[in-house]
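The structure under discussion appears below in the form of structure tokens.
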Amino acid sequence: MITSGTGEKGAWLRYDEKFYFLEGDPFTVSVEQAIVAIEKGRAREKRKVGVWEKKSIEAGMNRNNVVYLLWNEKYFNFTAEGEAQPLLNEISAEQAEQCIRQALENELAKVAHQIDSKWSIRRGKTENLYVTNGADSAPLGKVTLEEAKSWDKKDAQNFVKQFKSLKMKGSKSAYTKNK
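This note's numbering puts the sequence shown at residues 340 to 518.
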């Protein structure tokens, strides 16, 4: 049985316990239109394309029609938005591995200093420095990289805590390390 409706992400179809994006009115959709939507949806579904470092690589397509890879619980864009997107079944294990390697190298190049296994000083898109543990982060502002290199985990945590506190107060002042 095929059901249809609308939700916060737009019109949808439900078939075989799965939801599919629907272009058009969900209340006047024909069976033929539903079949086309389901086939398009299935073509976008995540599928295994290979294994790298004993971990599965899956490829899928997001709502913006951008192909992504999923490896080791991390997502990687296979191509940039606006570029021609390959068909998921045409992505080879070698292409996927190369894409992931390149993305990991690019990510590593952003690290200016590693504080511990979680905390690091990184360069943002505009080359501004920030401290982060992956979940929390704060721009260094007037703190230099050399000053930040002397930090331990506790210093980094306190800096982010201070940043969040000042941000909540709406302060636009520079953020500095407390000594």
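Where is the CB? At the ideal position from N, CA and C, for every residue including glycine. Keep in mind it's a predicted model, so treat the numbers as computed, not measured.
Query                                                                                              : Result
Where the alpha helix (DSSP H) through A477 begins and ends                                        : Counting along the chain, A477 falls outside any alpha helix (DSSP H), though it belongs to the beta strand (DSSP E) covering 476-478.
DSSP beta-bridge partners of T418                                                                  : Answer by DSSP bridge pairing: none, since T418 is not bridged.
Proximity below 9 Å, CB of A435 to CB of L408                                                      : yes
Through-space distance from K385 to V406, alpha-carbon basis                                       : 10 Å
DSSP beta-bridge partners of V470                                                                  : I460, A477
Enclosing alpha helix (DSSP H) for M507 [first to last residue]                                    : 492-508
Extent of the continuous alpha helix (DSSP H) to which V450 belongs                                : Segment 450-453 is the beta strand (DSSP E) holding V450; no alpha helix (DSSP H) there.
Nearest-angstrom Cα separation, counted from F415 out to G480                                      : 29 Å
DSSP-derived helix/strand/coil call for E397                                                       : strand
DSSP state of V370 mapped onto helix, strand, coil                                                 : helix
Separation of G509 from F502, as counted between CA atoms                                          : 10 Å
Rounded C-alpha distance that separates Q372 from E356                                             : 18 Å
Helix, strand or coil at V390 [DSSP, three-state]                                                  : strand
Own chain, CB closer than 6 Å to R353, minus 5 neighbours either side, in chain order              : T342
Counted within 10 angstroms of its Cβ, other Cβ atoms place S459 as buried (16 or more) or exposed : buried
Beta bridge counterpart(s) of G344 as assigned by DSSP                                             : W351
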